[in-house]
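Engineer: Residue numbers (my numbering): 728 to 1090.
Where a beta carbon is used, it is the ideal one built from N, C-alpha and C, also for glycine.
Please see the structure below; I have some questions.
And the structure:
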């Protein structure tokens, strides 16, 4: 028997007010807050006030660190105030929430997530990326899905725009990666596609058009700290739609959650360079690599034009990379889950990276 748990969610400018009612069925009376420094600063006081009025104790508040490393996870797991809590409240973006989820997994506690930025779908997924202390990829972890997500559109609209921007870059990968992971598996003729996989593919594909319809307007509204329909649509698409799809296509007996775009991203983590390169920023270039690899010229040009309009990368130079880095990127990509689950031709993958860079230079 297989049980698939999907996070419930609340959204809107006042969704934190719903915390006590959400917690009531779980009989939770003690929680710990874990998150990024800025994330906690944006939401902690409001959440603490609501919890105090409901008679729910906060055992402590802890900044997770700067990356979702095993070292940071171990440090928090060993903390008595974290151990004493009955549930983990995670605040922030992908790395903060992945850390909170993994701490909860190791302590066998439920997680409730508060995405204060919309940089990726980690607030609702049963997967986490764990890094080494040097920020290179260590492994994927498989925590339980959070029980509930609180998507405060006011907090998200007031956050730095770069995270919303990167979230769009990551979000556009979900539909093509899931679709191609399944298509490639079908070519072998050995895989079966049960209801869960088919449903995951349908949800992934349903997330696609909102990014292209609302992405530019949503980014402009976040730039102006304005809560709007566009911000809400993109936030729900990033956190809920792509998060649900991830959970459905990431199962014990199959994995169709990602392929070429994230293989590219993971390959780049081994290349040392100066500058800040957010996950979704790099993945958005990886989406172009995916379409180039499969010779999907029309979609490649569509996404390239979209990336250019939003300021997402279309050239290696924009990622602090050169074509001389491609062999290293490919070498590391061949060690990833994405390659193991959806194998690809290394030289063709390298050529796809070069093709995108050439296209970007022409644009």
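#1: Output needed for residue 1074: all residues of its chain with C-beta closer than 6 angstroms, excluding positions within five of it in sequence on either side, in chain order.
#2: With H, G and I counted as helix, E and B as strand and the rest as coil, what does DSSP make of residue 769?
#3: At 3 residues or longer, what runs of the beta strand (DSSP E) sit wholly inside the region 848-913?
#4: Within 10 Å of its beta-carbon, does residue 1087 have 16 or more other beta-carbons around it, so buried, or fewer, so exposed?
#5: Give the DSSP bridge partners of residue 921, in chain order.
#6: Whose CA, out of 870, 872, 866, 882, lies closest to the CA of residue 952?
#7: Alpha carbon to alpha carbon, how far is residue 840 from residue 1112? Give it in angstroms, no decimals.
#8: Considering only residues of the same chain and omitting the five flanking positions on each side of residue 896, which have a CB-CB separation below 7 angstroms?
#9: Count the other CB atoms, across all protein chains shown, that sit within 10 Å of the CB of residue 1090; report buried if there are 16 or more and exposed otherwise.
#10: Leaving out five residues on either side along the sequence, give the residues of the same chain with a beta carbon under 6 angstroms from the beta carbon of residue 926.
#11: Which of helix, strand or coil does DSSP assign to residue 1000?
#12: Which ranges would you report for the alpha helix (DSSP H) in the region 771-837 if only whole runs of at least 4 residues count?
#13: With 16 as the cutoff for other CB atoms within 10 Å, does residue 1066 come out buried or exposed?
#14: Please report the distance separating the alpha-carbon of residue 1005 from that of residue 893.
#15: Specify, as a first and last residue, the run of the beta strand (DSSP E) that residue 736 falls within.
#16: Which residues in the same chain have their Cβ closer than 6 angstroms to the Cβ of residue 755, if we skip the five residues on either side of it in sequence?
#17: Just verifying my parser: in three-state terms, what is the DSSP assignment at residue 1068?
#18: Counting pairs of Cβ atoms below 8 angstroms between the region 769-780 and the region 803-811, do you hit three or more?
#19: Between residue 949 and residue 888, how many whole angstroms is the CB-CB distance? I'm expecting something under 8 angstroms.
#20: Using the beta-carbon count (16 or more within 10 Å), is residue 964 buried or exposed?
#21: Tell me which residue opens and which closes the beta strand (DSSP E) that residue 761 is part of.
#22: Below 8 angstroms, how does it come out for the region 837-857 and the region 865-877: are there three or more Cβ pairs, yes or no?
#23: Are residue 1037 and residue 942 closer than 8 angstroms when you measure CB to CB?
#24: In whole angstroms, what is the alpha-carbon distance linking residue 790 and residue 954?
#25: Is it the case that the region 859-866 contacts the region 793-805, given that we only count it when at least three CB pairs across the two stretches are under 8 angstroms?
#26: Which term fits residue 752, buried or exposed, when burial requires 16 or more other beta carbons within 10 angstroms of its beta carbon?
#27: Could you pull out every residue in the same chain whose Cβ sits closer than 6 angstroms to the Cβ of residue 1080, ignoring the five residues on either side in sequence?
#28: In whole angstroms, what separates the C-alpha of residue 822 from that of residue 969?
#29: Measuring alpha carbon to alpha carbon, tell me which residue in 1034, 1071, 764 is nearest residue 788.
#30: DSSP beta-bridge partners for residue 842?
#31: Please go through the same chain and pick out, in chain order, the residues whose beta-carbon is closer than 8 angstroms to the beta-carbon of residue 885, but skip the five residues on each side of it.
#32: Since I believe residue 900 is in contact with residue 1013 (beta carbons under 8 angstroms), could you give me their beta-carbon distance rounded to a whole number of angstroms?
#33: Is it the case that the Cβ atoms of residue 962 and residue 880 are separated by a distance below 8 angstroms?
#34: Quick check: what's the CA-CA separation for residue 1082 versus residue 738?
#35: Go through its chain and collect everything with a Cβ distance to residue 1001's Cβ below 8 angstroms, but skip five positions before and after it.
#36: Tell me which residue opens and which closes the alpha helix (DSSP H) that residue 1029 is part of.
Structural biologist: So, from the listed chains and residues:
#1: Taking the chain shown and counting its residues from 1, the one referred to as residue 1074 is at position 347. None.
#2: The count along the chain shown starts at 1 and reaches residue 769 at position 42. Of the three classes helix, strand and coil, the one that applies to residue 769 here is helix, per DSSP.
#3: As for any beta strand (DSSP E) of minimum length 3 sitting wholly inside the region 848-913, the runs are 855-858, 864-868, 875-878, ordered along the chain.
#4: On the chain shown, residue 1087 is found 360 positions in, with the first residue counted as 1. Its Cβ being crowded by 16 or more others within 10 Å, residue 1087 is buried.
#5: Locating residue 921 in the chain shown gives position 194, counting from the first residue. Looking at the DSSP assignment, residue 921 forms no beta bridge with any residue, so it has no partner.
#6: Numbered from its first residue, the chain shown carries residue 952 at position 225. The residue with the shortest Cα to Cα distance from residue 952 is 882.
#7: No answer is possible for residue 1112: it lies beyond the span of the chain, which begins at 728 and ends at 1090.
#8: Taking the chain shown and counting its residues from 1, the one referred to as residue 896 is at position 169. Cβ neighbours of residue 896 beyond the five flanking positions: 1007, 1008, 1010, 1011, 1039.
#9: Your numbering for residue 1090 matches position 363 in the chain shown. Residue 1090 counts as exposed, since fewer than 16 other beta carbons sit within 10 angstroms of its beta carbon.
#10: The residue labelled residue 926 in the question sits at position 199 within the chain shown. Counting only Cβ-Cβ distances below 6 angstroms, and skipping sequence neighbours, we find 975.
#11: Numbered from 1 along the chain shown, position 273 holds the residue referred to as residue 1000. Three-state result, residue 1000: coil.
#12: Qualifying alpha helix (DSSP H) stretches, in chain order: 797-804, 807-811, 821-834.
#13: Indexing the chain shown from 1 puts residue 1066 at position 339. When all chains shown are included, residue 1066 counts as buried.
#14: As a first step, residue 1005 must be located in the chain shown, where it is residue number 278. As a first step, residue 893 must be located in the chain shown, where it is residue number 166. Between residue 1005 and residue 893, the C-alpha separation is close to 6 angstroms.
#15: Against the chain shown, residue 736 aligns to sequence position 9. Here the beta strand (DSSP E) through residue 736 covers 735-738.
#16: Within the chain shown, numbered from 1, the residue matching residue 755 stands at position 28. Within the same chain, residue 755 has close Cβ partners 813, 814.
#17: Residue numbering aside, residue 1068 sits at position 341 when the chain shown is read from its first letter. DSSP places residue 1068 in the helix class (H, G or I) of the three-state scheme.
#18: Too few Cβ pairs lie closer than 8 angstroms, so no.
#19: On the chain shown, position 222 is the one that residue 949 refers to. On the chain shown, position 161 is the one that residue 888 refers to. By a beta-carbon distance limit of 8 angstroms, residue 949 contacts residue 888. Their separation comes to about 5 angstroms.
#20: By one-based count along the chain shown, residue 964 stands at place 237. If you draw a 10 Å sphere on the C-beta of residue 964, you find 16 or more other C-beta atoms in it, and that means buried.
#21: Within the chain shown, the letter at position 34 stands for residue 761. First-last of the beta strand (DSSP E) with residue 761: 757-762.
#22: With the cut-off at 8 angstroms, the region 837-857 and the region 865-877 touch.
#23: As a working mapping, residue 1037 is identified with position 310 in the chain shown. As a working mapping, residue 942 is identified with position 215 in the chain shown. Yes. Within cutoff.
#24: Here residue 790 is taken as the residue at index 63 of the chain shown, counted from 1. Here residue 954 is taken as the residue at index 227 of the chain shown, counted from 1. When rounded, the distance between both Cα atoms is 27 angstroms.
#25: Judged by Cβ distances under 8 angstroms, the region 793-805 makes contact with the region 859-866, as three or more pairs qualify.
#26: For this step, residue 752 is matched to residue 25 along the chain shown. Classification of residue 752: exposed, given that the 10 Å Cβ count is below 16.
#27: Here residue 1080 corresponds to residue number 353 of the chain shown, with the count starting at 1. Counting only Cβ-Cβ distances below 6 angstroms, and skipping sequence neighbours, we find 1016, 1053.
#28: Position 95 of the chain shown, counted from the first residue, corresponds to residue 822. Position 242 of the chain shown, counted from the first residue, corresponds to residue 969. If you draw a straight line from the Cα of residue 822 to the Cα of residue 969, it comes to about 17 angstroms.
#29: Position 61 of the chain shown, counted from the start, is the residue given in the question as residue 788. Closest option to residue 788, Cα to Cα, is 764.
#30: Position 115 of the chain shown, counted from the first residue, corresponds to residue 842. Answer by DSSP bridge pairing, in chain order: 819.
#31: If you number the chain shown from 1, residue 885 lands on position 158. If you ignore the 5 residues before and after residue 885, its C-beta comes within less than 8 angstroms of the C-beta of 769, 952, all in its own chain and listed in chain order.
#32: Position 286 of the chain shown, counted from the start, is the residue given in the question as residue 1013. Position 173 of the chain shown, counted from the start, is the residue given in the question as residue 900. With 8 angstroms as the limit, residue 1013 and residue 900 qualify as a contact, their Cβ atoms being about 7 angstroms apart.
#33: The residue you call residue 962 lines up with position 235 of the chain shown. The residue you call residue 880 lines up with position 153 of the chain shown. Yes. Within cutoff.
#34: For the purposes of this step, residue 1082 is taken as the residue at position 355 of the chain shown. For the purposes of this step, residue 738 is taken as the residue at position 11 of the chain shown. Cα-Cα distance, rounded: 41 angstroms.
#35: What you label residue 1001 is simply residue 274 of the chain shown in a count that begins at 1. Excluding residues up to 5 positions away in sequence, 1047 lie with their Cβ nearer than 8 angstroms to the Cβ of residue 1001 in the same chain.
#36: Translated into positions along the chain shown, residue 1029 becomes position 302. Per DSSP, residue 1029 is one residue of the alpha helix (DSSP H) stretching across 1024-1037.
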